[in-house]
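These notes are about the structure you will find just below.
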Amino acid sequence: MSSHFDTIVNLAKNRGFVFQSSEIYGGLRSAYDYGPLGAALLRNVKDEWWRSMVQMRDNVVGIDSAVIQSPRVWEASGHVGSFSDPLVECTNCNSRHRLDKLENPQQCPTCGMSGTFTEPKDFNLMFKTHMGPVASEDNAVYLRPETAQGIFINFENVRRTARLKLPFGIAQIGKSFRNEITPGQFVFRTREFEQMEMEFFCRPEESAKWLEYWLEERKSWYMDLGMSADNLRLRAHDEDELSHYSSHTYDVDYNFPWGWDELEGIANRTDFDLAAHAHHSGKDLTYFDPETNERFFPHVIEPAAGATRTTFAFLLDAYGEDEVKGEKRAVLKLDKRLAPIKVAVLPLSKKPDLVDTTEAVAGPLRRRWDIEVDVTQSIGKRYRRQDEIGTPYCVTVDFDSLDDKQVTVRDRDTMAQDRIPIEGLETYLSERLDA
């Protein structure tokens, strides 16, 4: 891993973006809690995805389906039978690995020994649990490994109640659970994670056109939010990589410190899911087109992104260092829409008059944006702290503010400062934050 990776991990832990889960008990491997800044950043990423995919479109709606669903859902979808990874175990050190992720399939990366792996076994990735007071196979259920099936089993409910006509999409953001063999790389691969998925239903003959459309839309979304185009690519899956339901799949890859890896998968799922659920449930999940008098299973294009790994990628991409007056400055140049704190209000002193003025300044801003009032240490150190967590604007309340009723606004990226009347501050910031 590069030093850049270590820098971001340390920043995330030290500034309250991400904490090790159950840390006071020694931690739980591959489980993380999001602190005040991390929770806000993650929420902003999800809000921007929802705005782009649902709010700004008249043919996409959202749902929120249950985490626990009938086990028959996972039988129909193929997850019970084929949702597995090849597991090998080293007979020397007893470590377990995914065979398809090993750089050298003959050598254990833990102990360095060669020729010590067992024969690969299929390892099902679903978390199994039980409903009711007694655990038995009769009441076995699974935590969902993806949010997509909650959309497919509600296809007819949503189509009917929302009065949708093809083409249309159904979107969802929610937790998923996969019992990964080798989780790692901080929050990139974890057993509990959050997905942002949309199933776009269309006529079968139009699926290729819509696949191309969503490939461009989704890649553009990342760049619009400030991610460097040099760190993004679209990669088509080879035939031996395709999931059982997919005719074509592309990944939106990001150039992580360990190399190119997946941010989002965009797949043509054909009619596999609707047809499978119709067969297993006995319910009619076809679509009737009154214009052509046809009844058929729509095909589905699925953009499926990981909210947690996307948030991590935005952190990696935004981090930079420069020099200010001979001192190193660490700065997160997050897009203003993603920044956890939009405005920091900084009184020059803790004297009562300045504190009262600071509260008068902060009150109206707090009603519109996530803000922070920071009163500790020198003004220079407070600027550096806000730069490091990505705050776009700092508002300084000084002793002149008591007389001229003005404050100084500092821009994170340019470090330019403007003197603004307090009564015009909200408008000034709105023009820059809400544009």
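If you're matching positions, the sequence shown starts at 1 in this note's numbering and goes up one per residue.
The beta carbon of each residue, even a glycine, is placed where N, CA and C say it ideally should be.
All values derive from a computational prediction rather than experimental measurement.
Under the 10 Å beta carbon count, residue 24 is surrounded by fewer than 16 other beta carbons and is classified as exposed. As computed with DSSP, residue 198 is found in a beta bridge with 171. Contact check between the stretch 162–178 and the stretch 52–63: three or more CB pairs, one atom from each, fall below 8 Å, which counts as touching. The shortest CA-to-CA distance from residue 232 to any of 101, 300, 314, 356 is the one to 314. Within the model, the alpha-carbon separation for residue 431 versus residue 316 is close to 27 Å. Look at the beta carbons and you see the stretch 252–260 not touching the stretch 269–283: under three pairs across the two are nearer than 8 Å. Residue environment for residue 149: buried (at least 16 other C-beta atoms within 10 angstroms of its C-beta).
Secondary structure at residue 166: coil, using DSSP grouped into helix, strand and coil. Between residue 128 and residue 140 the beta-carbon gap is near 6 Å, inside 8 Å, which marks them as a contact.
Note on residue 288: under 16 other CB atoms within 10 angstroms of its CB, so exposed under the neighbour-count rule. Among the bridge pairs identified by DSSP, residue 320 is matched with 331. Between the stretch 379–392 and the stretch 326–333 there are three or more inter-stretch CB-CB distances shorter than 8 Å, so the stretches are counted as touching. Taking all protein chains shown into account, residue 307 has 16 or more neighbouring C-beta atoms within 10 Å of its C-beta and is therefore buried. The residues 31, 175, 177, in chain order, have a CB closer than 7 Å to that of residue 192 in the same chain once the five nearest residues on each side in sequence are set aside.
Per DSSP, the unbroken alpha helix (DSSP H) holding residue 361 starts and ends at 352–366. Straight through space, the alpha carbons of residue 410 and residue 11 are spaced by roughly 23 Å. Taking 8 Å as the cut-off, the Cβ atoms of residue 370 and residue 342 count as close.
Following the DSSP letters along the chain, one finds residue 259 inside the beta strand (DSSP E) bounded by residues 259–270.
Excluding the 5 residues flanking it on each side, residue 8 has same chain C-beta neighbours closer than 7 Å at 315, 316, 319, in chain order. Residue state for residue 343 is assigned as strand, using DSSP reduced to three classes.
For the options 19, 346, 163, 305, the alpha carbon positioned closest to that of residue 217 is the one of 305. Cβ-Cβ distances below 7 Å link residue 348 to 354, 379, 396, 397, 398, 399 in the same chain, with the five nearest sequence neighbours on each side left out; the list follows chain order. For residue 245, the three-state secondary structure derived from DSSP is coil.
Of all alpha-carbon atoms in 36, 162, 367, the one lying nearest the alpha-carbon of residue 426 is that of 367.
Counting other Cβ atoms within 10 Å of its Cβ, residue 195 reaches 16 or more and is therefore classed as buried. In this chain, residue 28 is not harboured by any beta strand (DSSP E), its DSSP state being neither H nor E. Contact check for residue 372 and residue 339: beta-carbon distance about 11 Å, past the 8 Å limit, so the pair fails to qualify. Annotated as distal: residue 152 and residue 299, with beta-carbon spacing of 8 Å or more. Residue state for residue 299 is assigned as strand, using DSSP reduced to three classes.
About 6 Å separates the beta carbons of residue 309 and residue 263, which is inside the 8 Å limit, making them a contact pair.
For residue 35, the secondary structure class from DSSP, reduced to helix, strand or coil, is coil. In chain order, 139, 141 place their CB closer than 6 Å to the CB of residue 131, counting only its own chain and leaving out the 5 sequence neighbours on each side. When rounded, the separation of the alpha-carbon atoms in residue 73 and residue 116 is 38 Å. When the beta-carbon positions are compared, residue 21 and residue 6 stay at least 8 Å from each other. At the C-beta level, residue 97 and residue 88 come within 8 Å of one another. In this structure, residue 99 and residue 86 form a Cβ contact; the two beta carbons are roughly 4 Å apart against a cut-off of 8 Å.
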